[in-house]
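Visitor: What follows is a single structure, and I will ask about it in a moment.
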Amino acid sequence: MDYIVRMIAKDAPIKAMAIQGRDLVQRAREIHQTLPVATAALGRSLLGASMMGQQLKEEDGSLTLRINGGGPLGSILAVSDSHGNVRGYVQNGQVELPLQGPAKLDVGRGVGTDGSLTVIKDLRLKEPYVGTIPLVSGEIAEDITAYFAESEQIPTACALGVLVDRDLSVAAAGGYLIQLLPGAEDAVIDRIEQGIARVGQVTSHLNQGVSPEELLNMVLSDFTMELLEKDPVSYRCYCSRERMRSALVSMGKEELRALITEQGRAEMTCQFCDAVHVFEKEELEALAASL
33 MDYIVRMIAK DAPIKAMAIQ GRDLVQRARE IHQTLPVATA ALGRSLLGAS
83 MMGQQLKEED GSLTLRINGG GPLGSILAVS DSHGNVRGYV QNGQVELPLQ
133 GPAKLDVGRG VGTDGSLTVI KDLRLKEPYV GTIPLVSGEI AEDITAYFAE
183 SEQIPTACAL GVLVDRDLSV AAAGGYLIQL LPGAEDAVID RIEQGIARVG
233 QVTSHLNQGV SPEELLNMVL SDFTMELLEK DPVSYRCYCS RERMRSALVS
283 MGKEELRALI TEQGRAEMTC QFCDAVHVFE KEELEALAAS L
């Protein structure tokens, strides 16, 4: 089962969260039929968006993470609700690239660095919050770290990892987000950095069965950590026939009439879950007549 844990240090101004997300990344891979480098890039984006989405205070809020670095993978989109349930897609999921090293997928090259990372927070206000930064490395975790530093002025350490098996399935996926609260001294930062260096890549630990809470306790072993919450998360799409119908209505009467004349029917595919919704001529004509 995929889940997110939230923890806080009793003896330092630190809050932290970690995610185990093998199943949700595997679900995304199955839907989009991605090859390894795209699986890793999309998976990291989904994991990051899930943790960031769960930080939202608004119950019906959502967070969108959009990454476009000009690399061969094209744009990546990950959308999370306020519970951390996510959905997403990668534009070019069939990209193949040489390994960066032994078993090291070259996500940075796939994503590219000639572009930006954008975070859109919909808190059900008149206007959503939008923050955009230039990509730092295309490796995604470093870019999320940079986003928090630049756009929200929150010192953050982010680690994300997706381990793809030889049969292209997802063997392990997860990561953490560690953030400093106001008043943190340099000595605290140094101890966190030492813990991060000591633990290293997250996927090797997750693949050995280390849980998200154990992972955070390993990285933050110099501190006394308290578990606050443990919540299930999943790959979840909210598409429906009604939403697709609304999209058709938004085209306007003239465009709908043209669609009926040219194609006789509409076949709409959800970009997040590949569900297909077919609208026959009679239904399209009734929609056009209602406008």
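Per my numbering: the sequence shown ends with 323, consecutive numbering throughout.
We put the beta carbon where it would ideally sit given N, CA and C, even for glycine.
(1) Tell me whether Asp146 is buried or exposed, calling it buried when 16 or more other Cβ atoms sit within 10 Å of its Cβ.
(2) Restricting to Cα atoms, I'd like to know which of His115, Leu105, Asn100 is closest to Glu90.
(3) Residues in its own chain within less than 7 Å of Ala189 by CB, not counting five upstream and five downstream?
(4) How many whole angstroms separate the CB atoms of Leu248 and Val37, which I take to be in contact at a CB cut-off of 8 Å?
(5) Please say whether Gly85 and Leu74 have beta carbons closer to each other than 8 Å?
(6) Pick out whichever of Leu167, Glu287, Ala41, Ala60 has its Cα sitting closest to the Cα of Arg98.
(7) Count the other CB atoms within 10 Å of the CB of Ala219; is the residue buried (16 or more) or exposed (fewer)?
(8) On the CB-based measure, 16 or more other CB atoms within 10 Å of its CB, does Arg275 come out buried or exposed?
(9) Identify, in the order they occur along the chain, each residue of the same chain with its Cβ nearer than 7 Å to the Cβ of Ser77, setting aside the five sequence neighbours on each side.
(10) Which one of Met33, Ala44, Met49 has the shortest CA to CA distance from Leu192?
(11) Below 8 Å, how does it come out for the region 233-253 and the region 194-207: are there three or more Cβ pairs, yes or no?
(12) In the DSSP assignment, the alpha helix (DSSP H) including Lys313 goes from what residue to what residue?
(13) Can you name the start and end residues of the alpha helix (DSSP H) that Pro68 belongs to?
(14) May I ask you to list the residues that DSSP assigns as paired with Val211?
(15) Since Leu149 and Val122 should fall inside the 8 Å C-beta cutoff, what is the C-beta to C-beta distance between them, to a whole number of angstroms?
(16) How would you label Arg54, buried or exposed, when you count the other beta carbons within 10 angstroms and need 16 or more for buried?
(17) Taking Ile51 and Ser82 to be in contact with their CB atoms under 8 Å, please state how far apart those CB atoms are, rounded to whole angstroms.
(18) Ile36 by DSSP, collapsed to three states: which one?
(19) Using DSSP's beta-bridge definition, name the partner residues of Leu97.
(20) Which word fits Thr256, buried or exposed, when buried means at least 16 other C-beta atoms lie within 10 angstroms of its C-beta?
(21) Alpha carbon to alpha carbon, what distance is there between Arg61 and Leu137?
(22) With 16 other CB atoms within 10 Å as the buried threshold, where does Val162 fall?
(23) In chain order, what residues of the same chain have a beta carbon less than 7 Å from the beta carbon of Glu174, not counting five sequence neighbours either side?
(24) Counting C-beta neighbours from all protein chains within 10 Å, is the total for Val310 16 or more, i.e. buried, or is it exposed?
(25) Going by C-alpha to C-alpha distance, which of Leu129, Leu260, Asp92, Ser112 sits closest to Gly103?
(26) Any beta-carbon of chain D closer than 8 Å to the one on Thr150?
(27) Determine the direct distance from the alpha carbon of Ile46 to that of Ile186, and round the result to whole angstroms.
Guide: With the given structure in hand:
(1) Exposed: under 16 other Cβ atoms inside 10 Å.
(2) Distances from the alpha-carbon of Glu90 to those of His115, Leu105, Asn100 put His115 closest.
(3) Excluding residues within five positions, the ones whose Cβ falls inside 7 Å are Thr177, Ile210, Ile224, Ile228.
(4) With a Cβ gap of about 7 Å, Leu248 and Val37 count as contacting.
(5) Not closer than 8 Å, so no.
(6) The candidate whose alpha carbon is nearest that of Arg98 is Leu167.
(7) The residue is exposed, with fewer than 16 neighbouring Cβ atoms inside 10 Å.
(8) By the neighbour-count rule (16 or more Cβ atoms within 10 Å), Arg275 is not buried but exposed.
(9) Closer than 7 Å at the Cβ level, and outside the excluded window around Ser77, lie Leu97, Ile99, Ile108, Ala110, Gly120, Ile172.
(10) Closest option to Leu192, Cα to Cα, is Met49.
(11) Yes: at least three Cβ pairs fall under 8 Å.
(12) From DSSP, the alpha helix (DSSP H) with Lys313 extends over 313-322.
(13) Following the DSSP letters along the chain, one finds Pro68 inside the alpha helix (DSSP H) bounded by residues 68-86.
(14) Residue identity differs from the one stated: residue 211 is Gln in this sequence, not Val. Beta-bridge pairing links Gln211 to Lys47, Thr188.
(15) Not quite, the Cβ-Cβ distance comes to about 14 Å (not below 8 Å), so this is no contact.
(16) Of the other Cβ atoms in all chains shown, 16 or more fall within 10 Å of the Cβ of Arg54; this residue is therefore buried.
(17) Confirmed, Cβ separation roughly 6 Å.
(18) Three-state DSSP puts Ile36 in a strand.
(19) Looking at the DSSP output, Leu97 shares a beta bridge with Ala110, Val151.
(20) Thr256 is exposed by the Cβ-count criterion.
(21) One C-alpha to the other measures close to 16 Å.
(22) With fewer than 16 other Cβ atoms within 10 Å, it is exposed.
(23) Shown here for Glu174: same chain residues with a beta carbon closer than 7 Å to its own, the five before and five after excluded, namely Val168 in chain order.
(24) Exposed is the call here.
(25) The shortest Cα separation from Gly103 among Leu129, Leu260, Asp92, Ser112 belongs to Leu129.
(26) The chain labelled as chain D is not found in the depicted structure, where only one protein chain is given.
(27) Cα to Cα, the separation comes out at about 11 Å.
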